[in-house]
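**Student:**
There are 2 protein chains.
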Amino acid sequence: MTEIQRPGALYQQVAAAIREAILSGEYEPGAPLPSEAQLMERYKVSRPTVRNAVSALRAEGLIDVHHGKGSFVRSDSRPVVSLPGYVGRTSGGRFVLHGVAAWEQAEEPSTYRTHTTETTAHLLELQVEEALFGCDRLLIDPTTGTRAMHRTLIPFATAEAVPDLAEAPHGEPATVYEILTKAGHKLWWSETVRASMPLPDERTALRLPDAAPVLHLSRVTCGTDDQPLILEELRVGADRAELTYRITADKQPARRARD
Amino acid sequence: MTEIQRPGALYQQVAAAIREAILSGEYEPGAPLPSEAQLMERYKVSRPTVRNAVSALRAEGLIDVHHGKGSFVRSDSRPVVSLPGYVGRTSGGRFVLHGVAAWEQAEEPSTYRTHTTETTAHLLELQVEEALFGCDRLLIDPTTGTRAMHRTLIPFATAEAVPDLAEAPHGEPATVYEILTKAGHKLWWSETVRASMPLPDERTALRLPDAAPVLHLSRVTCGTDDQPLILEELRVGADRAELTYRITADKQPARRARD
DNA sequence: TATCATTTGTTCGTATGTATC
DNA sequence: CGATACATACGAACAAATGAT
Chain A
0 MTEIQRPGAL YQQVAAAIRE AILSGEYEPG APLPSEAQLM ERYKVSRPTV
50 RNAVSALRAE GLIDVHHGKG SFVRSDSRPV VSLPGYVGRT SGGRFVLHGV
100 AAWEQAEEPS TYRTHTTETT AHLLELQVEE ALFGCDRLLI DPTTGTRAMH
150 RTLIPFATAE AVPDLAEAPH GEPATVYEIL TKAGHKLWWS ETVRASMPLP
200 DERTALRLPD AAPVLHLSRV TCGTDDQPLI LEELRVGADR AELTYRITAD
250 KQPARRARD
Chain B
0 MTEIQRPGAL YQQVAAAIRE AILSGEYEPG APLPSEAQLM ERYKVSRPTV
50 RNAVSALRAE GLIDVHHGKG SFVRSDSRPV VSLPGYVGRT SGGRFVLHGV
100 AAWEQAEEPS TYRTHTTETT AHLLELQVEE ALFGCDRLLI DPTTGTRAMH
150 RTLIPFATAE AVPDLAEAPH GEPATVYEIL TKAGHKLWWS ETVRASMPLP
200 DERTALRLPD AAPVLHLSRV TCGTDDQPLI LEELRVGADR AELTYRITAD
250 KQPARRARD
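Here is the structure:
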C-alpha cells in the first residue's frame, strides 16, 4: 500500500503513484489499470479525484481509456511508419507525395482558395493574407492503416508564371513537380518539421488516440530563381509516424540493416 | 446568444462554441475568455461542465489558463527557434551540439550507465537492454530562453574500440566527434524526428505550457564501417522550436531571405 | 502593508447515462 | 438481462493566486 501524502494536490499524488507504477513496469504495457472504484478504495479518495488523476495520465499519453472497459497502459512501441525526409535528393521532380509509404487517397482531393497564414507566408516568403490555391488530400497507408492529411499550396504568382499549372490546378504533387520541371525550373527544396496538438476535426480525420501530437512536415520547393514556388504540407499522427533524414553527404552509405 | 444544443455532451458543446469563437477571431489572440462564472451564466451550465469544456480547450492548446487571473487565447505565433537539421553536411566532425542556436549549459552534465530501449536499440542497431554510457545536458538559448534536453548515448562497443572516448567518457559532442575522427573514422549520420507529450519532469525542465508536444531529434553517427557509433538526442518543446532541413543537393542555394 | 473581491484550483458528494461483456 | 466500468452533470465548499483597494 503506497501511502499518498507527498506534494501538492491529491489527484497529482495519485497520478504520480500510478505513473511510477507504470514507468517501473509494475503495470505492464497493455495491462489494465485498476478500475476507478478500486483506485478510490486503494488511495482513499473520491471519484472526482481519481478521475482527475486518470485524466492527467491520459494527457501524458501513458494510458488509453475505453468507455465501459477500463484503462490500459499504452504500449509505447516505435512508430509503425518511418517517413523518409527528402531534402538533399534531387532527381528531377519525380516525387510521389511524401514518402515511400504507398499512400492511397481516401477521398477525392478538394481544391479551394485561401490565404497565407503567418507560418505559410514565412515559408513561401510572402506577406500574410496573400492569395493561394489550396488542395487537400486524405491519405491512408493500407499496410499499416496510418492516415495523413496532405496539402498543396500554390501562390498566385506561381500559377500565373506557369500556365500549365493554372489549367490543371492541382494534380498530384508528382504531376505538379513535373509541370514545374517542364517549365524550365531546376527544383530544390527545404523541409521544416513542427509538432502540435490536433484540433478535434484533425483528431477525427487522422484517427488519433488521446494525447497524440501531430507532426507537420512542410516542404518548400524553389525554382531556378531561388524563389519559393509551392508548399507541400503533410500532417500525420506522431504516434504512428516518425520522420527520418538519411545521408547524402560525402559518402553514399550502404543501406542500413534493420529498416 | 449562441444556444447550446447540438451534438454529444454538454461540455463538448460549450467547448465547441468557445472554440469556434476563438478560431473565428471573435476572441482575439491574447484576449481573455469570460470567467468561469460568466460562462456558467452564458451557457446555463454548472461549473464542472464549464471547467470540463475549458479543460478540453487547454488540451488542444487553444488557450492558456492562469490561476487567479483567467483564461487567455493563445497566440499561435511561429516558433522562436528554428533549428537547422544537419543531415547532408559533412565537414569533418566539427559540430557543436545541435544547431546554430548558441546553447548554454544550464548545469553540469550528468553521466551514467543505462541500457538500450526499443527505440534506441533500433537506431543503434543493437539488441534491447544492451549497456550504454549516457550523458545528459540541460541547454538554454539565452537569446530566446528556449530550453532543450540533450543526451549522448555511447554503446560499450564504441567506447571499447576508441580508448580516448572511454577515458574522457563524455565531453561535449564536438569533442566526441573529434575523437572519433582522430580514431580514423569518416563520419556520416542520419537524423530521425519524433514527437510526444512530455512527462511531468520534462515539462518542468523544459518549462512547457499546456498541450505543448516535445520534438525528439535523434542523430545517429556512423563510422567508416557503416556501423552506428553514437546516438545524440535533443528534446525541445514544439511550441518554441521547429526543425528545418535545408538544401545540399545539386545546387547550393543562396541564403534564404527572411531567416 | 494589509485586506478584500475576483478567479481558478481542488475535493467532496450524488445521481444518471452509456458502453462493454 | 444484469453487472461492471467509464462518461456526464449538478451542487457545494474551501484553498490558493492575483490584482486592486
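Protein sequences, first through last, are from chains A and B.
Positions 0 to 258 (numbering that gives the first Met the number 0) are the ones given, in order, by the first sequence.
Positions 0 to 258 (numbering that gives the first Met the number 0) are the ones given, in order, by the second sequence.
Backbone N, C-alpha and C define an ideal beta-carbon position, used for all residues, glycine too.
Please read all numbers here as calculations on a predicted model, not as lab measurements.
A:Trp-102 and A:His-169 - do their beta-carbons sit closer together than 9 Å?
**Tutor:** Residue 169 of chain A sits at position 170 when you count from the first residue of the first sequence. Residue 102 of chain A sits at position 103 when you count from the first residue of the first sequence. Taking 9 Å as the Cβ cut-off, A:His-169 and A:Trp-102 do not qualify as a contacting pair.
**Student:** Going straight from the alpha carbon of A:Ser-70 to that of A:Asp-63, what length do you get?
**Tutor:** Against the first sequence, residue 70 of chain A aligns to sequence position 71. Against the first sequence, residue 63 of chain A aligns to sequence position 64. So the two alpha carbons sit approximately 6 Å from each other.
**Student:** For A:Ser-45, does the count of other Cβ atoms within 10 angstroms reach 16, so buried, or fall short, so exposed?
**Tutor:** The sequence position of residue 45 of chain A within the first sequence is 46, counting from 1. Classification of A:Ser-45: exposed, given that the 10 Å Cβ count is below 16.
**Student:** Within the 9 Å Cβ cut-off, does A:Ala-147 reach chain B?
**Tutor:** Within the first sequence, the letter at position 148 stands for residue 147 of chain A. Not an interface residue.
**Student:** On the three-state DSSP scale, how would you describe B:Ala-147?
**Tutor:** The residue you call residue 147 of chain B lines up with position 148 of the second sequence. In this structure, B:Ala-147 counts as strand in the three-state DSSP scheme.
**Student:** If we define contact as Cβ-Cβ less than 9 Å, is A:Pro-78 a contact residue for chain B?
**Tutor:** Along the first sequence, one-based indexing puts residue 78 of chain A at 79. So yes, A:Pro-78 belongs to the interface.
**Student:** How is the alpha helix (DSSP H) around A:Ser-54 delimited, first residue to last?
**Tutor:** The sequence position of residue 54 of chain A within the first sequence is 55, counting from 1. If you look at A:Ser-54, you'll find it in the alpha helix (DSSP H) that goes 46–58.
**Student:** Check whether the Cβ of A:Ser-70 lies closer than 9 Å to any Cβ atom in chain B.
**Tutor:** For the purposes of this step, residue 70 of chain A is identified with residue 71 of the first sequence, where counting begins at 1. No, because no Cβ of chain B sits closer than 9 Å to the Cβ of A:Ser-70.
**Student:** Is any beta-carbon of chain A found at less than 9 Å from that of B:Leu-242?
**Tutor:** Position 243 of the second sequence, counted from the first residue, corresponds to residue 242 of chain B. Yes, B:Leu-242 counts as interfacial toward chain A.
**Student:** Taking beta-carbon pairs under 9 Å, can you tell me which members of the segment 120–132 of chain A lie near chain B?
**Tutor:** Near chain B, meaning a CB-to-CB distance below 9 Å, the residues of the segment 120–132 of chain A are His-121 and Glu-124.
**Student:** Strictly below 8 Å CB to CB, what residues from chain A border B:Thr-191?
**Tutor:** The count along the second sequence starts at 1 and reaches residue 191 of chain B at position 192. In chain order: Ser-81, Glu-241, Leu-242, Thr-243 and Tyr-244.
**Student:** Rounding to the nearest angstrom, what Cα-Cα distance links B:Leu-164 and B:Arg-193 in this structure?
**Tutor:** Residue numbering aside, residue 164 of chain B sits at position 165 when the second sequence is read from its first letter. Residue numbering aside, residue 193 of chain B sits at position 194 when the second sequence is read from its first letter. Roughly 28 Å between the two C-alpha positions.
**Student:** State the start and end residues of the unbroken alpha helix (DSSP H) segment that holds B:Thr-142.
**Tutor:** On the second sequence, residue 142 of chain B is found 143 positions in, with the first residue counted as 1. Looking at the DSSP string, B:Thr-142 is not in any alpha helix (DSSP H), and its letter there is neither H nor E.
**Student:** Counting only the same chain and skipping the five closest in sequence on each side, list residues whose C-beta sits under 6 Å from that of A:Arg-146.
**Tutor:** Along the first sequence, one-based indexing puts residue 146 of chain A at 147. The beta carbon of A:Arg-146 sits closer than 6 Å to the beta carbons of Ile-139, Leu-205 and Arg-206 from its chain, once the five residues preceding and following it are set aside; these are given in chain order.
**Student:** What does A:Thr-118 touch in chain B if you count any residue whose Cβ is under 7 Å from its own?
**Tutor:** Counting from 1 along the first sequence, the entry for residue 118 of chain A is found at position 119. Ordered by position in chain B, the residues that pass the 7 Å Cβ test against A:Thr-118 are Arg-77.
**Student:** If you draw a straight line from the alpha carbon of A:Gly-144 to that of A:Val-175, how long is it in whole angstroms?
**Tutor:** The residue given as residue 144 of chain A occupies position 145 in the first sequence. The residue given as residue 175 of chain A occupies position 176 in the first sequence. C-alpha separation (whole angstroms): 26 Å.
**Student:** Roughly how many angstroms separate the alpha carbons of B:Phe-132 and A:Glu-201, rounded to a whole number?
**Tutor:** One-based indexing of the second sequence puts residue 132 of chain B at position 133. One-based indexing of the first sequence puts residue 201 of chain A at position 202. Approximately 40 Å, taken between the alpha carbons.
**Student:** Between the beta-carbon of B:Glu-27 and the beta-carbon of B:Leu-152, is there less than 9 Å?
**Tutor:** Translated into the one-based positions of the second sequence, residue 27 of chain B becomes position 28. Translated into the one-based positions of the second sequence, residue 152 of chain B becomes position 153. No.
**Student:** Taking any Cβ of chain B, which residues in the segment 168–200 of chain A have a Cβ under 8 Å from it, in chain order?
**Tutor:** Going along the segment 168–200 of chain A in chain order, one finds Lys-185, Trp-187, Trp-188, Ser-189, Glu-190, Thr-191, Val-192, Arg-193, Ala-194, Ser-195, Met-196, Pro-197, Leu-198 and Pro-199 with a Cβ nearer than 8 Å to chain B.
**Student:** According to the neighbour-count rule (16 or more other Cβ atoms, all chains shown, within 10 Å of its Cβ), is B:Ala-105 buried or exposed?
**Tutor:** One-based indexing of the second sequence puts residue 105 of chain B at position 106. So B:Ala-105 ends up on the exposed side.
**Student:** Enumerate, from N- to C-terminal direction, the unbroken alpha helix (DSSP H) stretches of 4 or more residues contained entirely within the segment 183–234 of chain A.
**Tutor:** 199–205
**Student:** Any residues in the segment 10–23 of chain A with a beta carbon nearer than 9 Å to a beta carbon of chain B? Which ones, in chain order?
**Tutor:** So the list reads Gln-11, Ala-14, Ala-15, Arg-18 and Leu-22, given in the order they occur along the chain.
**Student:** At least one CB of chain B closer than 9 Å to the CB of A:Val-213: is that the case?
**Tutor:** Within the first sequence, numbered from 1, the residue matching residue 213 of chain A stands at position 214. True, the Cβ-Cβ gap to chain B drops below 9 Å.
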